[in-house]
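The block underneath contains the structure these notes are about, expressed in structure tokens.
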Ligand code: F6P
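In my numbering, the protein residues as written are 595 to 1086.
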């Protein structure tokens, strides 16, 4: 069983001579001004949530966009800051972007083109050549930063996500002596969906700069192999899951990402969480209620309108639950400069107001919507208060909320309703698996969750806990690193 200590030992024994570098767009710690004071927080991001405990174990350098308005105030002359703030465990190197760069690279190409292209949820991608140019420019900027940090050290570089499709190739061109890997945290669609991208060849060529390329599930690996096979000149080996282009090979592997199960499970039982639960029960008016929960960044891939419609249908079909069941939707606003996200926000407000008006009785309303980034303690308290949790993503690489909810239920209570279109559904087979497009089915599963016997809940939850405990984030990292250690540094 992999755990924090085991991973530390593994790294000490096998990686002590190498520098470990992570690159991501989102930084793990953000400094912001609150009045005159500077506060440090963690963003709502699956990537940073999963990788921060890993970096805390291995040490090294994490390179990311410095997006907080107080970020510049706290770095040293090399744009470095030691994190976490309470105990230096690794170095965060911040990269500064102009507003124009952020608009073209992050909002534009990453989130208006690649995000909808890879998530098959019928939101049309927008391809603008100006955004593509900025995306290339920012990938170049990050490549210069990586090269500067590595110098002539032997380094493992671990790139995160779709913001950096070109990065490994750019690093390799200048420094062939490092081992390059990348994890694509979102789905990879089938070739039919991917082929509409005007810069598909460049993207594939860029990604094949990696020695190792990871996806959450085998299905996404297969999609990637088939995409390469159909779109560029390369040899695709379906037996070995390997692509050879220009004499250089890239291994493609599934690594289902996870969470720090033990930490989440024990935090869930802590006294501070118990206190927080009492506070929330009171402030949210949850006393005597059956509580349903949804936790998501407000994103159109998460199936939140479908969830609200299912709640509407549930009360329509089962009016005996009026006044007895409350649904809490929690999570921060996201990517608000993009039109589809603005539209989604308006739609959700409209839906919530309509549904609440339809069923409210005195002070009781069926849906409470909290658009904010909850801290770890509050989030854990919400998980513990929830009799059932709904993850209804229309398409999702993994979905760590599902795993966090499971980790929080040390007493094996609670029911997880989980979209079959998440990576997590491959592992959490004992959840109530749903098709979020089928609103009737979703409503019926809400009823099933509420009416499930305690014995059945215990049986399902304990099975899921076993899976997440075993396939935890340390196992994920251990597997990625073990695979990386099989590569030899070019100079011997
Ligand atoms: O995997 C997708 C991802 O990068 C996750 O880390 C996270 O849930 C989300 O997207 C973060 O979005 P953003 O960094 O754009 O706020």
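Virtual Cβ for every residue (Gly too), placed ideally from N, Cα, C. Computed from a predicted model, the values in this text were never measured in an experiment.
Measuring CB to CB, does residue 750 end up less than 8 Å from residue 1078?
-> Along the chain shown, read from residue 1 onward, the residue named residue 750 stands at position 156. Along the chain shown, read from residue 1 onward, the residue named residue 1078 stands at position 484. Taking 8 Å as the Cβ cut-off, residue 750 and residue 1078 qualify as a contacting pair.
Going along the chain, which residues of its own chain have a beta-carbon closer than 6 Å to the beta-carbon of residue 679, five neighbours each way excluded?
-> Taking the chain shown and counting its residues from 1, one reaches residue 679 at position 85. Excluding residues within five positions, the ones whose Cβ falls inside 6 Å are 634.
Which of helix, strand or coil does DSSP assign to residue 712?
-> Working through the chain shown from its first residue, we reach residue 712 at position 118. It is helical.
On the three-state DSSP scale, how would you describe residue 848?
-> Taking the chain shown and counting its residues from 1, one reaches residue 848 at position 254. Residue state, collapsed to three classes: strand.
Is the segment 1012-1021 close to the segment 1043-1055, with three or more CB pairs under 8 Å?
-> Counting Cβ pairs under 8 Å, fewer than three are found: no touch.
Is it right to say residue 870 is buried, meaning 16 or more other beta carbons lie within 10 angstroms of its own, or is it exposed?
-> Translated into the one-based positions of the chain shown, residue 870 becomes position 276. Residue 870 should be labelled buried.
Considering only C-alpha positions, which residue in the set 867, 605 and 716 is nearest to residue 974?
-> Along the chain shown, one-based indexing puts residue 974 at 380. Nearest in C-alpha terms to residue 974, of all of 867, 605 and 716, is 867.
Counted within 10 angstroms of its Cβ, other Cβ atoms place residue 713 as buried (16 or more) or exposed = Mapped onto the chain shown, residue 713 falls at position 119. With 16 or more other Cβ atoms inside 10 Å of its own Cβ, residue 713 counts as buried.
Residue 640 beta carbon less than 8 Å from that of residue 810 | Against the chain shown, residue 810 aligns to sequence position 216. Against the chain shown, residue 640 aligns to sequence position 46. Not a contact, by the Cβ cut-off of 8 Å.
How would you call residue 1035, buried or exposed, if buried means at least 16 neighbouring beta carbons within 10 angstroms?
-> The count along the chain shown starts at 1 and reaches residue 1035 at position 441. Per the 10 Å Cβ criterion, exposed.
Where does residue 669 sit, in a helix, a strand or coil, going by DSSP?
-> For the purposes of this step, residue 669 is identified with residue 75 of the chain shown, where counting begins at 1. The answer is coil: DSSP assigns residue 669 none of H, G, I, E or B.
Cβ-Cβ distance between residue 647 and residue 856 below 8 Å = For the purposes of this step, residue 647 is identified with residue 53 of the chain shown, where counting begins at 1. For the purposes of this step, residue 856 is identified with residue 262 of the chain shown, where counting begins at 1. For residue 647 and residue 856, no; Cβs fall outside 8 Å.
Where residue 652 sits in the DSSP three-state scheme = Within the chain shown, residue 652 is the residue found at index 58, counting from 1. Secondary structure of residue 652 (DSSP, three-state): helix.
At least 3 beta-carbon pairs within less than 8 Å: the segment 833-846 vs the segment 936-945 = The segment 833-846, when compared against the segment 936-945, does not touch it at the 8 Å Cβ threshold.
With DSSP run on the structure shown, which of helix, strand or coil describes residue 862?
-> As a working mapping, residue 862 is identified with position 268 in the chain shown. In the structure shown, residue 862 sits in a helix (DSSP, three-state: H, G or I).
Could you say which of 687, 890 and 663 lies nearest to residue 630 if we only look at CA atoms?
-> Within the chain shown, the letter at position 36 stands for residue 630. With distances taken between Cα atoms, residue 630 lies closest to 663.
Three CB pairs or more closer than 8 Å across the segment 757-768 and the segment 821-833 | Judged by Cβ distances under 8 Å, the segment 757-768 makes no contact with the segment 821-833, as fewer than three pairs qualify.
Name the two residues that bound the continuous beta strand (DSSP E) containing residue 625.
-> As a first step, residue 625 is located in the chain shown; it is residue number 31 there, counting from the start. In this chain, the beta strand (DSSP E) harbouring residue 625 covers 624-628.
Rounded C-alpha distance that separates residue 823 from residue 792 = Within the chain shown, numbered from 1, the residue matching residue 823 stands at position 229. Within the chain shown, numbered from 1, the residue matching residue 792 stands at position 198. Roughly 17 Å between the two C-alpha positions.
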